[in-house]
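Since the structure comes first, as structure tokens, the remarks are kept for the end.
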Amino acid sequence: MKQIILLKLGEIVLKGLNRRSFEKRLMKNVRHSLKHLGGFDMKFAQSTIYITPDMDMDIDRTVELLKKIFGVASVVRAYETQKDLECVKKLVTDIFANDLLKAKTFKCAAKRSDKQFPMKSPEICALIGEYILDNFPDLTVNVENPDIIINIEIRDYGAYVHTGKIQGAGGMPVGSNGKATLLLSGGIDSPVAGYMTAKRGVELNAVHFYSHPYTSERAKDKVIELAKIIAQYTGPFNLHIVHFTKPQLEIYEKCPDDELTVIMRRVMMKITEKIAIDTNSIALVTGESIGQVASQTLESLGVTDAATALPVIRPLIGMDKEEIVTVAHKIGTFNTSILPYEDCCTVFVPKHPKTKPKLEDILKSEQVLDMNNIIDECTNNLETIYIQP
Ligand code: ATP
Ligand code: MG
653 MKQIILLKLG
663 EIVLKGLNRR
673 SFEKRLMKNV
683 RHSLKHLGGF
693 DMKFAQSTIY
703 ITPDMDMDID
713 RTVELLKKIF
723 GVASVVRAYE
733 TQKDLECVKK
743 LVTDIFANDL
753 LKAKTFKCAA
763 KRSDKQFPMK
773 SPEICALIGE
783 YILDNFPDLT
793 VNVENPDIII
803 NIEIRDYGAY
813 VHTGKIQGAG
823 GMPVGSNGKA
833 TLLLSGGIDS
843 PVAGYMTAKR
853 GVELNAVHFY
863 SHPYTSERAK
873 DKVIELAKII
883 AQYTGPFNLH
893 IVHFTKPQLE
903 IYEKCPDDEL
913 TVIMRRVMMK
923 ITEKIAIDTN
933 SIALVTGESI
943 GQVASQTLES
953 LGVTDAATAL
963 PVIRPLIGMD
973 KEEIVTVAHK
983 IGTFNTSILP
993 YEDCCTVFVP
1003 KHPKTKPKLE
1013 DILKSEQVLD
1023 MNNIIDECTN
1033 NLETIYIQP
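According to this note's numbering, the sequence shown is numbered sequentially starting from 653.
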């Protein structure tokens, strides 16, 4: 009888021909995420990953990490025994006696994915249920709302008993759906946008625009901290810090005040595009949502998009701030995001930004800038930080 962790897969199961490569990617991500926690054995069968930890592995910590891996629909802490109901009975009393003594009501649930097994699920439930009633006379059965559920799964490899599954992160394994570059500010939105994109299996790297001394070293540390939280879900990635003060001052000096924001955003897009192409990314990701601020009207988003030939993914496009905040809390970025350090975009805000910029006007205003030079200077002086959770 040994402890085992079962990972049930989500959408991957539907993936037809590509399924094998999705599964392989997920196994790789799981192995990578757990490698510093000690030894373990891992195998795959029947849409499930089986992880058997060595004695020294911290199971609580392992489960915490596994809950954050995209592609895992649920995590189950189970005990394994032989496919023999006498062994299952022994397991129930050996392992779950304390839990059963604490409960007033229970039910059994059985699943038989090994169709060779001679008894059907309802029969398994009846037999084990009766055994529990005999051994724990204070317990009664409650099918609707029991204090404890004894789940019995009869699978190809053995019999597994557990008291319930823990919800996983869902989505698809990171790396199974291409790579994109996240524009990561220190705000609430962009970390959530990165999380949501990675959830669909997209590998990330990130770019942060930094305007020292207008933004402090602490603002940079905050972004690094946010990146580390995102890396808990995505695995390690590169964060590229762009030293943006010089071009920002140039834009500030030379361009019309009411167009500053949109021009700045276009320059950010162009620089990020170059970094994306150099790092094999095929899309950009931002935390914009329609109408949230002046620079995020539909017109402004259109003018911003026109700065790059790469697709710009905006996972938050239809979300209210409140909904975004809920996700930020869930993934653990909120408290870091609200730390009060200035972002480069908030330092240079015009008093009356244009809410309906026209591309042809903006292109004209931009002519005073030596765009290629700005892009080259910024991308040649990148500071790249390898982010690990
Ligand atoms: P956020 O909460 O993500 O900062 P926001 O609502 O404050 O978003 P803006 O400041 O207008 O909105 O930024 C819109 C998007 O532009 C951000 O979500 C992010 O993707 C990108 N962005 C803004 N500032 C930076 C920065 N300094 N470095 C990298 N990306 C940035
Ligand atoms: Mg911001």
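Where a beta carbon is used, it is the ideal one built from N, C-alpha and C, also for glycine.
| Asked | Found |
| --- | --- |
| So, at 8 Å on beta carbons, what are the nonlocal neighbours of isoleucine 801 in its own chain, with the 5 sequence-adjacent residues on each side left out? | Phe758, Lys759, Cys760, Ala761, Thr815, Gly816 |
| Does the distance from the C-beta atom of threonine 960 to that of methionine 916 stay below 9 Å? | no |
| Could you compute how far the alpha carbon of lysine 742 sits from the alpha carbon of isoleucine 806? | 15 Å |
| Sorted by chain position, which residues of the same chain lie with C-beta nearer than 6 Å to leucine 891's C-beta, five sequence neighbours on each side aside? | Ala858, Ala879, Ile1037, Ile1039 |
| Going by C-alpha to C-alpha distance, which of Ile780, Ser726, Pro967 sits closest to leucine 639? | The question about residue 639 has no answer, for the chain in this structure spans 653 to 1041. |
| Looking at C-beta atoms only, is the number of pairs between the stretch 846-857 and the stretch 816-835 that lie closer than 8 Å three or more? | yes |
| Look up glutamate 732 in the DSSP assignment and give the residues it is bridged to. | Lys654, Tyr812 |
| Have a look at proline 899 and asparagine 987 and give me their C-alpha separation to the nearest angstrom. | 31 Å |
| Secondary structure at aspartate 693, three-state DSSP: helix, strand or coil? | strand |
| For a minimum of 4 consecutive residues, which ranges assigned as the alpha helix (DSSP H) are wholly contained in the stretch 756-789? | 773-787 |
| Pull up the distance between the alpha-carbon of threonine 985 and that of valine 844, whole angstroms please. | 8 Å |
| What residues in its chain sit with their C-beta under 7 Å from that of valine 875, if we drop five residues either side in the sequence? | Leu836, Gly838, His860 |
| Can you find at least 3 beta carbon pairs, one from the stretch 892-912 and one from the stretch 860-869, that sit closer than 8 Å? | yes |
| Taking all protein chains shown into account, decide if methionine 653 is buried (16 or more other Cβ within 10 angstroms of its Cβ) or exposed. | exposed |
| Please name the residue, chosen from Gln734, Asn681, Lys676, that lies closest to leucine 718 on a Cα-to-Cα basis. | Asn681 |
| Just to confirm, are glutamate 911 and lysine 1008 a CB contact at a threshold of 9 Å? | no |
| Let me make sure I understand the geometry here. Which of Tyr885, Asp841, Asn1032, Asp930 has the alpha-carbon closest to that of isoleucine 969? | Asp841 |
| Using the Cα positions of glutamate 796 and threonine 886, report the straight-line distance between them to the nearest angstrom. | 38 Å |
| To which residues does DSSP link serine 726 through a beta bridge? | Lys660, Gln819 |
| Does the ligand ATP have even one heavy atom less than 8 Å from the beta-carbon of leucine 834? | yes |
| Decide if glutamine 884 is buried, meaning its Cβ has at least 16 other Cβ atoms within 10 Å, or exposed. | buried |
| Threonine 897 lies in the alpha helix (DSSP H); which residues open and close that run? | 897-906 |
| Between which two residues does the alpha helix (DSSP H) holding glutamate 855 run? | Run containing glutamate 855: none in the alpha helix (DSSP H); it sits in the beta strand (DSSP E), 855-862. |
| Starting from proline 843, trace the alpha helix (DSSP H) in both directions and tell me its first and last residue. | 841-851 |
| Check whether the Cβ atoms of leucine 791 and leucine 785 sit closer than 9 Å, and answer yes or no. | yes |
| Can you say whether valine 1020 is buried or exposed, counting buried as having 16 or more other CB atoms within 10 angstroms of its CB? | exposed |
| Would you check whether the ligand MG has a heavy atom nearer than 8 Å to the C-beta of serine 765? | no |
| DSSP state of valine 793, grouped into three classes? | strand |
| Does the beta-carbon of tyrosine 702, which I'm using as the reference point, lie nearer than 8 Å to any heavy atom of the ligand ATP? | no |
| DSSP three-state call for tyrosine 866: helix, strand or coil? | coil |
| Alpha carbon to alpha carbon, how far is valine 715 from tyrosine 809? Give it in angstroms, no decimals. | 21 Å |
| Quick one: does the C-beta of glutamate 869 sit closer than 8 Å to a heavy atom of the ligand ATP? | no |
| For isoleucine 721 and serine 685, which I take to be in contact (beta-carbon distance under 8 Å), what is that distance rounded to the nearest angstrom? | 6 Å |
| Could you give the distance in angstroms between the alpha-carbon of asparagine 803 and the alpha-carbon of arginine 713? | 23 Å |
| How far does the alpha helix (DSSP H) with threonine 988 in it extend, from its first residue to its last? | 986-989 |
| Anyone know if the C-beta pair for glutamate 1035 and threonine 867 falls short of 9 Å? | no |
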